[in-house]
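Residue numbers (my numbering): 30 to 399. Here is the structure we will look at.
Next comes the structure, spelled out in structure tokens:
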């Protein structure tokens, strides 16, 4: 099982309202500072002197903390400067706290009186997928006050500031800067549309409308969103080949994904990481430089998958990814034992990895819940 398969199960969107009037925070930007993008996407810093790991998410216009990842004994929960509010995400509204920390510090910036969305409900992610385990999201709100350009340097996997003139190797991108995020204009099959620039989404190009052509593959999957009630949502993913044009780059045969439960097009991490980006918040300009073409191949293994994949969900091992035409399994079907070994908290991650890293399950004796 390739990790990219599991990544597709977790399309995380964050459609939040702005709250600049919530506090009078102050920022200090360190022009020489560099934040390492661990695994291409996670940054390490501190909040109220507590170490923290956040997902760098260009699709989030508000920085957020997952309360159940911080711990109720931590000082942030003892801070009485918070109020209840509502946040609207993908077709869901959830009650959250807006809280002000005393300080937040990373290599690229620090802030006092930093506001956060704090969700201390039951937002839960699979405990067996370390790549998605973070304590929250670092949104673009933390960087928007700088006069310098933010450099998303995926060639070296660092976030850094760029004060010089934009190099000629970087092409201007047709983009809109809005309160909901940065939207990039992309041409697909001779039709232009705008896509949310979203490094927090584990997709390449995700579209909200179905294509007129026949899909090359259809999968039933689960994904999770930032909300309280339905931790995992089922969805059908349709994969298409399409001609795409981004900047002056023409891509003749890229894979486009259409899934349910989204209300906007998304340009995700699997595409974004193939470029370096310069974000000029002051002048509302975006620039890109191609560094590789992995966006052409990162979904090839997905559409060729013939075997189902499993995922730990709330302590149970379930079918979480399957081809739609495969009638031998059902999405959400629970595996209760493998080779006569009952699935429990001590072995659930082991068996998830074992089952997902083989081409077929013929050598396993698998028993499903009735």
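Backbone N, C-alpha and C fix where the C-beta goes; we use that ideal spot for every residue, glycine too. Here the structure is a predicted model, which is why all the values come from computation and not from measurement.
Cβ distance (whole Å) where residue i is taken to contact residue j below 8 angstroms
{"i": "residue 146", "j": "residue 91", "result": "5 angstroms"}
{"i": "residue 398", "j": "residue 363", "result": "4 angstroms"}
{"i": "residue 136", "j": "residue 78", "result": "Contact doesn't hold; Cβ gap of about 16 angstroms is too wide."}
{"i": "residue 293", "j": "residue 237", "result": "6 angstroms"}
{"i": "residue 305", "j": "residue 184", "result": "6 angstroms"}
{"i": "residue 235", "j": "residue 280", "result": "Wrong, their Cβ atoms sit about 16 angstroms apart, outside the cutoff."}
{"i": "residue 273", "j": "residue 216", "result": "7 angstroms"}
Cβ neighbours of residue i in the same chain (closer than 6 angstroms, five flanking residues each side left out)
{"i": "residue 267", "result": "244, 247, 287"}
{"i": "residue 172", "result": "179"}
{"i": "residue 69", "result": "186, 302"}
{"i": "residue 313", "result": "206"}
{"i": "residue 14", "result": "The structure shown has nothing for residue 14, since the chain only spans 30 to 399."}
{"i": "residue 383", "result": "none"}
Residue environment, residue i, which counts as buried when at least 16 other CB atoms sit within 10 Å
{"i": "residue 393", "result": "exposed"}
{"i": "residue 379", "result": "exposed"}
{"i": "residue 207", "result": "exposed"}
{"i": "residue 140", "result": "buried"}
{"i": "residue 64", "result": "buried"}
{"i": "residue 113", "result": "Because the pLDDT of residue 113 is 47, which lies under 50, any placement of that residue in the model is unreliable, and the question is left without a value."}
{"i": "residue 377", "result": "buried"}
{"i": "residue 233", "result": "buried"}
{"i": "residue 347", "result": "buried"}
{"i": "residue 381", "result": "buried"}
{"i": "residue 220", "result": "exposed"}
{"i": "residue 241", "result": "exposed"}
{"i": "residue 277", "result": "exposed"}
{"i": "residue 198", "result": "exposed"}
{"i": "residue 282", "result": "exposed"}
{"i": "residue 333", "result": "exposed"}
{"i": "residue 269", "result": "buried"}
{"i": "residue 73", "result": "exposed"}
{"i": "residue 371", "result": "exposed"}
{"i": "residue 18", "result": "Residue 18 falls outside the range modelled here, since the chain spans only 30 to 399, and no answer is possible."}
{"i": "residue 258", "result": "Only weak support exists for where residue 258 lies, its pLDDT of 33 falling under 50; the value from the coordinates is given anyway. Counting Cβ neighbours within 10 Å, residue 258 comes out exposed, since fewer than 16 surround it."}
{"i": "residue 375", "result": "exposed"}
{"i": "residue 102", "result": "Note that residue 102 scores 49 on pLDDT, short of 50, meaning its location in the model is unreliable and no value can be drawn from it."}
Cβ neighbours of residue i in the same chain (closer than 7 angstroms, five flanking residues each side left out)
{"i": "residue 388", "result": "336"}
{"i": "residue 391", "result": "none"}
{"i": "residue 166", "result": "43, 83, 84, 86, 89, 92, 93, 229"}
{"i": "residue 56", "result": "138, 140, 174"}
{"i": "residue 170", "result": "90, 91, 92"}
{"i": "residue 368", "result": "393, 394"}
{"i": "residue 163", "result": "71, 82, 83, 84"}
{"i": "residue 195", "result": "307, 316"}
Nearest candidate by alpha-carbon position, reference residue i, set the options
{"i": "residue 175", "options": "219, 218, 275, 190", "result": "190"}
{"i": "residue 275", "options": "218, 69, 358, 232", "result": "218"}
{"i": "residue 284", "options": "306, 291, 322", "result": "322"}
{"i": "residue 318", "options": "168, 201, 373", "result": "201"}
{"i": "residue 366", "options": "396, 62, 307", "result": "396"}
{"i": "residue 373", "options": "157, 223, 67", "result": "157"}
{"i": "residue 223", "options": "311, 168, 264, 297", "result": "297"}
{"i": "residue 62", "options": "163, 310, 80, 181", "result": "181"}
{"i": "residue 345", "options": "361, 320, 355", "result": "361"}
{"i": "residue 203", "options": "67, 128, 309, 76", "result": "309"}
Given 8 angstroms, three or more beta-carbon pairs between the stretch 75 to 91 and the stretch 223 to 238: yes
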